[in-house]
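Visitor: So the sequence lines, in the order shown, correspond to chains A and V.
Going left to right, the first sequence walks through residues 6 to 234 as the numbering used here numbers them.
Going left to right, the second sequence walks through residues 12 to 211 as the numbering used here numbers them.
Every residue gets a Cβ at the ideal spot worked out from N, C-alpha and C, and that includes glycine.
Values in this document were obtained by computation on a predicted structure and should not be read as measured data.
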Amino acid sequence: MSDHREYRDELAAYSLGALETHERLEVERHVAGCEECAEYLLWLNPALDLLPAAVDPVTPPARMKRELMSAVQGELKAERRAVRDRKRSERGLWGTIWRPVTAGVLSVVLIAGAVVGYALRGDDPESIFFEATPDSKVSAEAEMSLERTGDKGTLHIMELPELPPNQDFQAWIIRDGDPEPSTTFDVRKDGDVEIAGSLEGAEGVYITREPEGGSKKPTNPVILRAELS
Amino acid sequence: MKRDEIKALADEDLMVLVERKDPTAFEVLYDRHGGAAYSLAHRIVGSPEAAEDVVQESFLSIWRSGAHFDSARGSVRSWTLGVVRNRSIDSLRRQWGKAPKLDFDDDATLEAQDSGQLTDSEAIRRDTARRVRGALRELPDEQSEVIGLAYFGGFTHSEIADMLRMPLGTVKGRMRLGLEKTRLLLAERMGIRDSSEALP
C-alpha cells in the first residue's frame with residue numbers, strides 16, 4: 006500500500022468541492038508535486054463529470070439565450086469602441102504634439118534630422134478614421150469605421166446584419182465613381198477587415214452582400230458606405 | 012469562419028475562438044451546454060429565476076475569461092458545468108444558507124412528462140440521467156447522502172459532519188468510497204474506457 010492511500014479521503018472531498026479554502030490550497034500544493042495523487046484525481050474525474058447528468062433535464066427559457074447574447078454583443082461593442090477611441094486618441098496625440106516636437110528637436114540638433122524625420126514619416130504614416138453610413142433600409146444597426154493608413158485601409162465593423170447562407174460580405178473601393186472589387190469576408194456582426202488593394206485616389210469604400218467568393222460588380226444594395234473626403 | 016463551420020468544431024476548438032471573443036463560437040458553446048448548465052443550476056438553487064441568473068453569470072464569466080480553460084484538466088463540458096456548479100453554490104449560500112437533498116427518485120416525474128415534445132438531444136440527456144441515477148442508487152444511502160450534500164448542496168465536509176453528527180473522518184471516508192464506487196459503476200454501465208477502470 007502506498008503512503009498516499011490515506012490521502013485519498015482528502016482528494017475525494019477536494020473533488021466534491023467539500024474542503025475549506027486552506028485545505029483546498031494544501032491539496033492543490035500536494036497534488037502539484039505528487040504524480041500518484043494527481044493520477045487518482047484524474048481517475049475520479051468521470052464520476053464527477055457525470056454527477057450533473059443525474060439531474061432532471063430542464064429546458065431553459067429562450068429569453069435567457071437572447072439576453073445572454075445581447076449582453077455579450079454589448080460588451081463586445083463597448084470593447085471595440087474603446088479600442089477604436091484609444092487608437093484615435095493615440096494617433097491624434099502623436100500627430101498633433103509629439104511628432105512635430107520630435108521633428109523640431111531633430112532638425113535643430115542634427116543636420117541629418119531632416120533625413121531622419123523624413124524616414125520616420127515614411128515608416129509611420131498617420132491613420133485617419135472615416136465613419137461609414139449604414140443604409141437604413143438594409144441595416145440601421147450596422148456600424149463601420151474605415152481606418153486609412155497611407156494607401157492601406159482597415160474596416161472596423163460592428164453589428165453587421167445576418168449573412169444568408171452561401172453569401173459573403175464584400176468591400177468595394179470606389180474610384181472615379183466606379184466600384185472595384187476588394188476583400189470578401191464573412192465576419193459575423195463584429196470584426197476588423199483589411200482591405201485588399203490601394204486606397205490611392207479612392208473616393209470611398211462600400212460594403213455589399215455578394216454570392217460566396219465575391220462578385221466582379223455589386224449585385225446587391227450597399228449596406229455601408231465610407232466616403233473618403 | 013461561417014456559422015456552419017463553427018458548429019462543426021470540437022468544444023476545445025470552440026474555446027479557442029471564444030478566447031478570441033468570437034460571439035458565434037460563444038453562442039454555439041451555449042447551445043451545446045446551456046441546457047445541461049440550466050438543469051444543474053435549477054437542481055441546486057431550486058428556482059427558475061435564480062437558475063437563470065446563475066447560468067447568465069456563469070456564461071458571461073466564461074465569455075470574459077475563456078482563456079482560463081485548461082484542456083489538460085478535463086473537458087469543456089466538465090469545466091463549464093464546474094463553473095455553473097460553483098456559482099450555484101455561491102448563490103445558494105448567499106440567499107438561503109440551505110442545501111437541497113439529493114434525490115435519485117425522479118424517474119416517475121420524467122415518465123409523466125410528455126416525451127412527444129422532446130428533441131433528440133433532450134431524449135438522450137434524459138436517458139443519460141436515468142442511467143446515471145440508476146448507478147447512483149446502488150450506492151449505500153450514507154454514501155450518496157454525503158456526496159449529494161457536498162456536490163449539490165455545497166456543504167463542506169465539516170458542515171456535513173456537524174449536520175449528520177458524525178466524525179469528520181467518517182464523512183470523508185464515505186465520500187471517497189461513494190465516489191470510487193460511482194466511478195467503477197459508471198465504467199461498467201456507461202462504457203467509460205478512457206482511463207483505467209481499476210483503482211490506480
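1) So what does DSSP say about residue 200 of chain A, is it helix, strand or coil?
2) Here's the rule I'm using: 16 or more other beta-carbon atoms within 10 Å means buried, otherwise exposed. How should residue 218 of chain A be labelled?
3) Please list the residues of the stretch 30–45 of chain V that have a C-beta atom closer than 9 Å to any C-beta atom in chain A, keeping them in chain order.
4) Label residue 57 of chain A either buried or exposed according to how many other C-beta atoms from any shown protein chain fall within 10 Å of its C-beta, with 16 as the threshold for buried.
5) Could you check which residue in A:36, A:30, A:48, A:10 has the C-alpha nearest to that of residue 192 of chain V?
6) Tell me whether residue 21 of chain V sits in a helix, a strand or coil according to DSSP, three-state version.
7) Looking only at its own chain, which residues have a Cβ that is under 8 Å from the Cβ of residue 125 of chain V, when we skip the five neighbours before and after it?
8) Report the three-state DSSP secondary structure of residue 70 of chain V (helix, strand or coil).
9) Is any beta-carbon of chain D found at less than 9 Å from that of residue 80 of chain V?
10) Ignoring anything shorter than 4 residues or poking outside the stretch 23–95 of chain V, list the alpha helix (DSSP H) runs there in chain order.
11) If you reduce the DSSP assignment to three classes, tell me which class residue 165 of chain V lands in.
12) Check whether chain A comes within 9 Å of residue 15 of chain V, counting only Cβ atoms and requiring the distance to be less than that.
13) For residue 60 of chain A, name the three-state secondary structure that DSSP assigns.
14) Give me, in chain order, the residues of the same chain whose beta-carbon lies closer than 8 Å to that of residue 172 of chain V; leave out the 5 immediate sequence neighbours on both sides.
15) So which residues on chain A does residue 153 of chain V lean against when the C-beta distance must stay under 8 Å?
16) Flag residue 175 of chain A as yes if its beta-carbon sits less than 9 Å from any beta-carbon of chain V, otherwise no.
17) Below 8 Å between beta carbons is the criterion; list the residues of the stretch 47–62 of chain A that meet it against any residue of chain V, in chain order.
18) Could you have a look at residue 222 of chain A and say whether DSSP puts it in helix, strand or coil?
19) Let me know if residue 24 of chain A comes out buried or exposed under the rule of 16 or more other beta-carbons within 10 Å of its beta-carbon.
20) Can you tell me whether DSSP reads residue 2 of chain A as helix, strand or coil?
21) In or out: residue 40 of chain A buried (at least 16 other Cβ within 10 Å) or exposed?
22) For residue 93 of chain V and residue 86 of chain V, what's the separation of their Cα atoms in angstroms?
23) Taking the alpha-carbon positions, what's the residue 177 of chain A to residue 167 of chain A distance?
24) Measure the CB-CB distance between residue 189 of chain A and residue 175 of chain A and report whether it falls below 9 Å.
Guide: Result, derived from the coordinates:
1) Start at 1 with the first residue of the first sequence, and residue 200 of chain A comes out as number 195. If DSSP states are grouped into helix, strand and coil, residue 200 of chain A belongs with coil.
2) Taking the first sequence and counting its residues from 1, the one referred to as residue 218 of chain A is at position 213. Exposed, because fewer than 16 other Cβ atoms sit within 10 Å of the Cβ of residue 218 of chain A.
3) 32, 33, 34, 35, 37, 38, 41, 42, 45
4) Within the first sequence, residue 57 of chain A is the residue found at index 52, counting from 1. With 16 or more other Cβ atoms within 10 Å, it is buried.
5) Within the second sequence, the letter at position 181 stands for residue 192 of chain V. It is A:48 whose Cα lies nearest to the Cα of residue 192 of chain V.
6) Working through the second sequence from its first residue, we reach residue 21 of chain V at position 10. Reduced to three states, the DSSP call for residue 21 of chain V is coil.
7) As a first step, residue 125 of chain V is located in the second sequence; it is residue number 114 there, counting from the start. Caution is warranted here: a pLDDT of 45 is assigned to residue 125 of chain V, below 50, making its placement in the model unreliable, and the coordinate value is therefore given only provisionally. Excluding residues within five positions, none has a Cβ falling inside 8 Å.
8) For the purposes of this step, residue 70 of chain V is taken as residue 59 along the second sequence, with counting starting at 1. In this structure, residue 70 of chain V counts as helix in the three-state DSSP scheme.
9) In the structure shown, chain D does not exist; the protein chains are A and V.
10) 34–56, 59–75
11) Reading the second sequence from its first residue, position 154 is the one you call residue 165 of chain V. Three-state DSSP puts residue 165 of chain V in coil, outside helix and strand.
12) Against the second sequence, residue 15 of chain V aligns to sequence position 4. Yes, because at least one Cβ of chain A sits closer than 9 Å to the Cβ of residue 15 of chain V.
13) Here residue 60 of chain A refers to the residue found at position 55 when the first sequence is read from its first residue. In the structure shown, residue 60 of chain A sits in coil (DSSP, three-state: anything other than H, G, I, E or B).
14) Here residue 172 of chain V corresponds to residue number 161 of the second sequence, with the count starting at 1. These residues qualify, in order along the chain: 178, 179, 181, 182.
15) Residue mapping note: residue 153 of chain V aligns to position 142 of the second sequence, counting from 1. Simply none; closest approach about 14 Å.
16) Taking the first residue of the first sequence as 1, we reach residue 175 of chain A at position 170. Taking Cβ atoms only, chain V never reaches closer than 9 Å to residue 175 of chain A, which makes this a no.
17) 47, 48, 49, 50, 51, 52, 53, 54, 55, 56, 57, 58, 59, 60, 61, 62
18) On the first sequence, residue 222 of chain A is found 217 positions in, with the first residue counted as 1. Of the three classes helix, strand and coil, the one that applies to residue 222 of chain A here is coil, per DSSP.
19) Position 19 of the first sequence, counted from the first residue, corresponds to residue 24 of chain A. Buried is the call here.
20) Only positions 6 to 234 of chain A appear in this structure, which leaves residue 2 of chain A out of reach.
21) Within the first sequence, residue 40 of chain A is the residue found at index 35, counting from 1. Flag for residue 40 of chain A reads exposed.
22) Within the second sequence, the letter at position 82 stands for residue 93 of chain V. Within the second sequence, the letter at position 75 stands for residue 86 of chain V. Straight-line Cα distance between these residues: approximately 10 Å.
23) The sequence position of residue 177 of chain A within the first sequence is 172, counting from 1. The sequence position of residue 167 of chain A within the first sequence is 162, counting from 1. Taking the straight line joining both Cα atoms gives about 19 Å.
24) Translated into positions along the first sequence, residue 189 of chain A becomes position 184. Translated into positions along the first sequence, residue 175 of chain A becomes position 170. In contact: residue 189 of chain A and residue 175 of chain A (Cβ atoms closer than 9 Å).
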